[in-house]
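Asker: First the structure, which I've put down as structure tokens, then a few questions once you've had a look.
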Amino acid sequence: ITKRDDLDRVLDGIDAALAAGFSPVKVNAVVQRGVNDDEIVALAEFGRDKGVEVRFIEYMPLDAQGHWLSESVVGQEEIVSALHAVYPLEQMPARGAAPADRWRYLDGKGTVGVIPTVTKPFCGDCDRVRLTADGQFRTCLFATDEFDVRGLLRSGATDDEIEALLRRAVGTKWAGHRIGEVTFVRPRRSMSQIGG
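If you read the sequence shown in our numbering, its first letter stands for residue 25, the second for the next number, and so on.
Written as structure tokens, this is what we have:
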């Protein structure tokens, strides 16, 4: 999926985070039909064995190639059903504006999450923004507009000017991402360019 052969580095990074005492350690996994949907239980078992929370993410239209199709989305209900059939689950209470719905394993061996961006959008509760590596402020992963914070900083803008830009940007935050609607426009950047 990532088009990179860095699994050993990723696993070493997870081990390093655990060794350093980070808690909880969360491992995100995008699930795509026909690509890795047959690995849902195996990924959950990895999390159970390592003591990390695997968070399954529905495949979103943020791929670099622009090949996203709604048919490729494995929804939250399907992911949870696959897990529950092997490891019975109990849903945990919602945690404010957090994007993941979470479950605990009834055998006490950890938790698992699903980020249901496509099938169960959480836009109404979202309080997240992003600052890209190149200094662009985004109010949503799917936003088509960005606000140039880097340019302001490099021009010597005052704190008040920067605050005004951020307030103006947050004021444009959409009520929803519009995936699945005729009016949906894909962002120009892929997830790896946005940061995530």
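Glycine included, every Cβ here is placed at the ideal spot set by N, Cα and C.
Which of helix, strand or coil does DSSP assign to F70?
Answerer: The sequence position of residue 70 within the sequence shown is 46, counting from 1. If DSSP states are grouped into helix, strand and coil, F70 belongs with the helices.
Asker: Whole angstroms are fine: how far does the CA of A124 sit from the CA of E114?
Answerer: Stepping through the sequence shown from its first residue, residue 114 is reached at position 90. Stepping through the sequence shown from its first residue, residue 124 is reached at position 100. Rounded to the nearest angstrom, the two C-alpha atoms are 14 Å apart.
Asker: Would a C-beta distance cut-off of 8 Å place V55 and V76 closer than the cut-off?
Answerer: On the sequence shown, position 31 is the one that residue 55 refers to. On the sequence shown, position 52 is the one that residue 76 refers to. Taking 8 Å as the Cβ cut-off, V55 and V76 do not qualify as a contacting pair.
Asker: When DSSP builds the beta bridges, which residues end up paired with N52?
Answerer: In the sequence shown, counting from the first residue as 1, residue 52 sits at position 28. N52 is bridged to R79.
Asker: Could you compute how far the alpha carbon of I81 sits from the alpha carbon of R174?
Answerer: Locating residue 81 in the sequence shown gives position 57, counting from the first residue. Locating residue 174 in the sequence shown gives position 150, counting from the first residue. Between I81 and R174, the C-alpha separation is close to 30 Å.
Asker: Out of curiosity, what's the CA-to-CA distance linking A181 and K197?
Answerer: For this step, residue 181 is matched to residue 157 along the sequence shown. For this step, residue 197 is matched to residue 173 along the sequence shown. Their Cα atoms are separated by approximately 23 Å.
Asker: Starting from G137, trace the beta strand (DSSP E) both ways and give me its first and last residue.
Answerer: For the purposes of this step, residue 137 is taken as the residue at position 113 of the sequence shown. T135 to I139 is the span of the beta strand (DSSP E), which, as asked, contains G137.
Asker: Kindly indicate the opening and closing residues of the beta strand (DSSP E) around R63.
Answerer: As a position in the sequence shown, residue 63 is number 39, starting the count at 1. The question names Arg, but residue 63 in the sequence shown is Glu. Run containing E63: none; DSSP gives neither H nor E here.
Asker: In the DSSP assignment, the beta strand (DSSP E) including E170 goes from what residue to what residue?
Answerer: To locate residue 170, count along the sequence shown from 1; it is residue 146. Neither: E170 is in no beta strand (DSSP E) and is coded neither H nor E.
Asker: Might you give, ordered along the chain, the residues of its own chain that have their beta carbon closer than 7 Å to the beta carbon of A1, omitting 5 neighbours on each side?
Answerer: The question about residue 1 has no answer here: the residues shown for the chain are numbered 25 through 220.
Asker: Would S94 and R57 qualify as a contact pair, given that the criterion is a beta-carbon distance under 8 Å?
Answerer: Locating residue 94 in the sequence shown gives position 70, counting from the first residue. Locating residue 57 in the sequence shown gives position 33, counting from the first residue. Their beta carbons are not under 8 Å apart, which means S94 does not touch R57 by this criterion.
Asker: Of the residues C147, A122, S47 and C150, which one's Cα is nearest the Cα of G137?
Answerer: In the sequence shown, the residue the question calls residue 137 occupies position 113. Closest option to G137, Cα to Cα, is A122.
Asker: Could you work out which residue in G71, R119 and F146 is closest to G132 when comparing CA atoms only?
Answerer: The residue labelled residue 132 in the question sits at position 108 within the sequence shown. Answer by Cα proximity: G71.
Asker: Using the Cα positions of D169 and A199, report the straight-line distance between them to the nearest angstrom.
Answerer: Start at 1 with the first residue of the sequence shown, and residue 169 comes out as number 145. Start at 1 with the first residue of the sequence shown, and residue 199 comes out as number 175. For D169 and A199, the distance between alpha carbons rounds to 15 Å.
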